[in-house]
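Undergrad: Per the working numbering, residue 216 is the first one in the sequence shown, and the count goes up by one each step.
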Amino acid sequence: MSAGARVVDNPAASRYEIIVDGVVAGFAQYRLRDGSMVLPHTEVRDEFEGRGLGGRLVGGALDGARAAGLRVVPLCSFVAYYIQRHPEYRDLVDDDYRDLVDTPG
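1. Taking DSSP as the reference, what is the three-state secondary structure of ASP224?
2. Using alpha carbons as the reference points, say which of GLU262, LEU307, GLY219 and VAL235 lies closest to ALA276.
3. Taking 8 Å as the cut-off, does the stretch 278-294 touch the stretch 250-263 (at least 3 CB pairs, one atom from each stretch)?
4. What is the rounded straight-line gap between the Cα of ARG243 and the Cα of GLY279?
5. Among the candidates ASP224, ARG271, ASP261 and ARG266, whose CA atom is the shortest distance from the CA of HIS301?
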(Lines of atoms letter the chains of each structure in order from A; the text may use other names.)
(Lines give C-alpha, C1' and ligand atoms only; values in the text may rest on other atoms or scores of the structure.)
Protein backbone atom coordinates (compact mmCIF):
# COMPACT_ATOMS: atom_id res chain seq x y z
CA MET A 216 0.00 0.00 0.00
CA SER A 217 1.19 3.50 -0.75
CA ALA A 218 1.76 5.35 2.50
CA GLY A 219 1.50 8.76 0.80
CA ALA A 220 -1.91 8.05 -0.72
CA ARG A 221 -4.91 10.09 0.37
CA VAL A 222 -8.60 9.89 -0.51
CA VAL A 223 -10.44 13.13 -1.26
CA ASP A 224 -13.98 13.96 -2.27
CA ASN A 225 -14.18 15.90 -5.53
CA PRO A 226 -17.84 16.99 -5.54
CA ALA A 227 -17.40 19.04 -8.74
CA ALA A 228 -16.60 15.77 -10.56
CA SER A 229 -18.98 13.64 -8.43
CA ARG A 230 -16.25 11.26 -7.41
CA TYR A 231 -13.86 10.29 -4.68
CA GLU A 232 -10.25 10.29 -5.81
CA ILE A 233 -7.16 8.62 -4.46
CA ILE A 234 -4.11 10.84 -4.85
CA VAL A 235 -0.59 9.41 -4.87
CA ASP A 236 2.33 11.84 -5.07
CA GLY A 237 0.04 14.53 -6.48
CA VAL A 238 -1.40 12.24 -9.18
CA VAL A 239 -4.99 10.99 -9.35
CA ALA A 240 -4.34 7.25 -9.22
CA GLY A 241 -7.98 6.23 -9.24
CA PHE A 242 -11.54 7.30 -8.58
CA ALA A 243 -14.94 6.11 -7.45
CA GLN A 244 -17.80 7.85 -9.24
CA TYR A 245 -20.95 8.61 -7.32
CA ARG A 246 -24.39 10.12 -7.74
CA LEU A 247 -26.33 11.55 -4.82
CA ARG A 248 -29.99 10.59 -4.97
CA ASP A 249 -32.74 10.67 -2.34
CA GLY A 250 -30.44 10.36 0.67
CA SER A 251 -28.25 7.75 -1.00
CA MET A 252 -24.83 7.65 -2.60
CA VAL A 253 -25.03 5.52 -5.75
CA LEU A 254 -21.59 4.09 -6.60
CA PRO A 255 -21.67 2.89 -10.23
CA HIS A 256 -17.98 2.75 -11.16
CA THR A 257 -14.53 2.54 -9.59
CA GLU A 258 -11.18 2.35 -11.29
CA VAL A 259 -7.48 2.53 -10.52
CA ARG A 260 -5.00 3.44 -13.25
CA ASP A 261 -2.99 0.48 -14.51
CA GLU A 262 0.34 1.80 -13.27
CA PHE A 263 -1.04 2.00 -9.70
CA GLU A 264 -2.67 -1.44 -9.52
CA GLY A 265 -1.56 -4.01 -6.96
CA ARG A 266 -0.96 -1.53 -4.14
CA GLY A 267 -4.29 -1.84 -2.31
CA LEU A 268 -5.38 1.57 -3.52
CA GLY A 269 -8.79 0.41 -4.75
CA GLY A 270 -9.74 -0.83 -1.30
CA ARG A 271 -8.45 2.30 0.35
CA LEU A 272 -10.42 4.41 -2.14
CA VAL A 273 -13.68 2.53 -1.60
CA GLY A 274 -13.20 2.59 2.17
CA GLY A 275 -12.77 6.37 1.99
CA ALA A 276 -15.91 6.77 -0.10
CA LEU A 277 -17.91 4.61 2.30
CA ASP A 278 -16.56 6.55 5.27
CA GLY A 279 -17.67 9.74 3.50
CA ALA A 280 -21.16 8.32 2.96
CA ARG A 281 -21.37 7.37 6.64
CA ALA A 282 -20.21 10.83 7.77
CA ALA A 283 -22.84 12.46 5.53
CA GLY A 284 -25.60 10.16 6.80
CA LEU A 285 -26.13 8.63 3.36
CA ARG A 286 -27.25 5.13 2.41
CA VAL A 287 -25.11 3.35 -0.20
CA VAL A 288 -26.16 1.74 -3.48
CA PRO A 289 -23.17 -0.42 -4.52
CA LEU A 290 -23.79 -0.84 -8.26
CA CYS A 291 -20.06 -1.20 -8.90
CA SER A 292 -19.10 -4.85 -8.44
CA PHE A 293 -15.81 -3.86 -6.76
CA VAL A 294 -17.69 -1.78 -4.17
CA ALA A 295 -20.13 -4.64 -3.53
CA TYR A 296 -17.25 -7.11 -3.12
CA TYR A 297 -15.44 -4.71 -0.79
CA ILE A 298 -18.53 -4.50 1.43
CA GLN A 299 -18.81 -8.31 1.42
CA ARG A 300 -15.24 -8.51 2.71
CA HIS A 301 -15.72 -5.60 5.16
CA PRO A 302 -19.09 -6.22 6.83
CA GLU A 303 -18.65 -3.18 9.06
CA TYR A 304 -19.98 -1.22 6.06
CA ARG A 305 -23.00 -3.46 5.39
CA ASP A 306 -25.29 -1.28 7.52
CA LEU A 307 -24.82 1.53 4.97
CA VAL A 308 -26.32 -0.47 2.11
CA ASP A 309 -29.81 0.56 1.05
CA ASP A 310 -32.22 -2.25 1.93
CA ASP A 311 -33.33 -2.60 -1.70
CA TYR A 312 -29.73 -3.43 -2.71
CA ARG A 313 -28.65 -5.77 0.11
CA ASP A 314 -28.67 -8.72 -2.30
CA LEU A 315 -25.62 -7.16 -4.00
CA VAL A 316 -23.55 -7.60 -0.85
CA ASP A 317 -25.02 -10.78 0.59
CA THR A 318 -22.63 -13.67 0.41
CA PRO A 319 -23.98 -17.11 -0.49
CA GLY A 320 -23.93 -19.67 2.21
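Ideal Cβ positions, reconstructed from N, Cα and C, are used throughout, including at glycine.
TA: For this structure:
1. Stepping through the sequence shown from its first residue, residue 224 is reached at position 9. ASP224: strand per DSSP, three-state reduction.
2. By 1-based counting over the sequence shown, the position of residue 276 is 61. When only C-alpha atoms are compared, the closest one is LEU307.
3. By the Cβ rule, the stretch 250-263 counts as touching the stretch 278-294, because three or more pairs are nearer than 8 Å.
4. Here the question's residue 243 lines up with position 28 in the sequence shown. Here the question's residue 279 lines up with position 64 in the sequence shown. Arg is not the amino acid found at residue 243; the sequence shown has Ala there. Answer to the nearest angstrom: the Cα atoms are 12 Å apart.
5. Along the sequence shown, read from residue 1 onward, the residue named residue 301 stands at position 86. Distances from the CA of HIS301 to each of ASP224, ARG271, ASP261 and ARG266 were compared; the closest alpha carbon is that of ARG271.
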